[in-house]
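Trainee:
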Amino acid sequence: MEAINDLLMGLAGSPWVYLAVLLVCIVDGFFPPIPSESVVVGLAALALSAGQPNIVLVIALAAAGAAIGDNIAYAIGRGIGTTRFAWMRRPRVASTFAWARAGLDQRGALLIVTARYIPVGRIAVNMTAGATRYPRRRFVSLSIVAGISWALYSAFIGVAVGHLLGDQPLLAIVVSIVLAAAIGYAVDAVSRAVSARRAARAQHNERAERADYSSSASSLGSSNSFDESSSTLTSLNVSTRTDLTNLSER
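The numbering of the sequence shown is full-length UniProt numbering, which starts it at 1 and goes up by one.
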């Protein structure tokens with residue numbers, strides 16, 4: 001265990017770790033297998049327990065990398081859309097893109113910022129934003145806000161756990177990574193639940209409106225039929241009176 005801790009501290013002191021943070025956060029913006037949260041959270045925990053790397057520099061590079069990666073995903077979506085390749089049309093992937101599209105229609109700015117906390121969801125949202133031609137300037141601004149808030153959040157988790165487990169750097173890294181992953185999946189679950197509830201409510205309202213329309217149309221049809229029947233009876237009465245008058249005159 002001590003050997004592993006010594007190795008971690010040695011890596012944390014390397015200047016290459018800062019370049020790694022930047023590159024990992026950029027690539028994770030459009031390639032989900034890269035665990036940027038794990039890197040940032042782990043280094044933040046290590047920074048508190050071991051005194052390095054520089055936590056401020058880690059946060060700055062993580063925020064910059066996240067914003068760059070999100071804009072690359074936006075550019076990919078704008079360039080090729082979300083249905084060109086076969087893997088994009090798989091049920092699970094297609095449903096994720098559909099969820100992103102519905103969310104952008106309802107609450108675009110909020111979704112772009114919160115999706116940064118969802119490992120795979122952020123890629124779907126950012127690519128969909130590009131495919132649907134979400135305003136580029138607005139997206140860039142939101143991606144910067146999202147990147148900064150996400151970097152601060154990730155570092156906070158690492159620092160908090162590192163403070164509790166300062167004498168055990170390896171355990172602090174593991175616990176902080178697990179905690180960050182759990183929070184990310186929780187945000188994803190809550191976001192999907194809210195979207196599903198809103199979709200169900202909208203569908204219910206649409207059905208109610210259709211039912212009201214059908215009822216109104218039926219009532220109008222009945223009223224028209226009654227008016228036509230009344231008009232026919234009136235015509236028959238007038239015709240009958242006319243015939244009786246003619247017979248009397250004869």
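Where a beta carbon is used, it is the ideal one built from N, C-alpha and C, also for glycine. Keep in mind that this is a model prediction, so the values were computed, not measured.
1. Who are the Cβ neighbours of A109 in its own chain at under 7 Å, not counting the five residues just before and after it?
2. What is the DSSP secondary structure of S14, counted as helix, strand or coil?
3. Near I148, which residues of its chain fall below 6 Å by C-beta distance, leaving aside the five closest residues on each side in sequence?
4. For I68, which residues in the same chain have their Cβ closer than 6 Å to its Cβ, ignoring the five residues on either side in sequence?
5. Give me the Cα-Cα distance between V238 and R210, rounded to the nearest whole angstrom.
6. DSSP three-state call for V113: helix, strand or coil?
7. Touching or not, the stretch 34-53 and the stretch 89-106, by the rule of three or more beta carbon pairs under 8 Å?
8. Do the CB positions of T114 and F97 come within less than 8 Å of each other?
9. So the alpha helix (DSSP H) V145 belongs to, where does it begin and stop?
10. Tell me whether the beta-carbon of I157 lies closer than 8 Å to the beta-carbon of F139.
11. Please confirm whether L48 and G162 have their CB atoms less than 8 Å apart.
12. If you draw a straight line from the C-alpha of S95 to the C-alpha of V21, how long is it?
13. Can you tell me where the alpha helix (DSSP H) with R78 in it begins and where it stops?
14. Would DSSP call R207 helix, strand or coil?
Mentor: Once the coordinates are examined:
1. Position 109 of the sequence shown, counted from the first residue, corresponds to residue 109. Closer than 7 Å at the Cβ level, and outside the excluded window around A109, lie L142.
2. The residue given as residue 14 occupies position 14 in the sequence shown. Here S14 sits in coil by DSSP.
3. Walking along the sequence shown from the start, residue 148 turns up at place 148. Counting only Cβ-Cβ distances below 6 Å, and skipping sequence neighbours, we find A63.
4. Mapped onto the sequence shown, residue 68 falls at position 68. Same-chain partners within the cutoff: I26.
5. For the purposes of this step, residue 238 is taken as the residue at position 238 of the sequence shown. For the purposes of this step, residue 210 is taken as the residue at position 210 of the sequence shown. Here V238 scores only 49 on pLDDT, less than 50, and its place in the model should not be relied on; the value that follows carries that caveat. V238 and R210: Cα-Cα distance of roughly 42 Å.
6. On the sequence shown, position 113 is the one that residue 113 refers to. Three-state DSSP puts V113 in a helix.
7. no
8. Mapped onto the sequence shown, residue 114 falls at position 114. Mapped onto the sequence shown, residue 97 falls at position 97. Not in contact: T114 and F97 (Cβ atoms no closer than 8 Å).
9. The residue labelled residue 145 in the question sits at position 145 within the sequence shown. From DSSP, the alpha helix (DSSP H) with V145 extends over 136-164.
10. Here the question's residue 157 lines up with position 157 in the sequence shown. Here the question's residue 139 lines up with position 139 in the sequence shown. In this structure, F139 does not lie closer than 8 Å to I157 by Cβ.
11. Within the sequence shown, the letter at position 48 stands for residue 48. Within the sequence shown, the letter at position 162 stands for residue 162. Yes, the pair counts as a contact, with Cβ atoms nearer than the cut-off.
12. On the sequence shown, residue 95 is found 95 positions in, with the first residue counted as 1. On the sequence shown, residue 21 is found 21 positions in, with the first residue counted as 1. Looking at the two C-alpha atoms, the distance is approximately 31 Å.
13. Within the sequence shown, numbered from 1, the residue matching residue 78 stands at position 78. Counting along the chain, the alpha helix (DSSP H) containing R78 begins and ends at 55-80.
14. Locating residue 207 in the sequence shown gives position 207, counting from the first residue. Reduced to three states, the DSSP call for R207 is helix.
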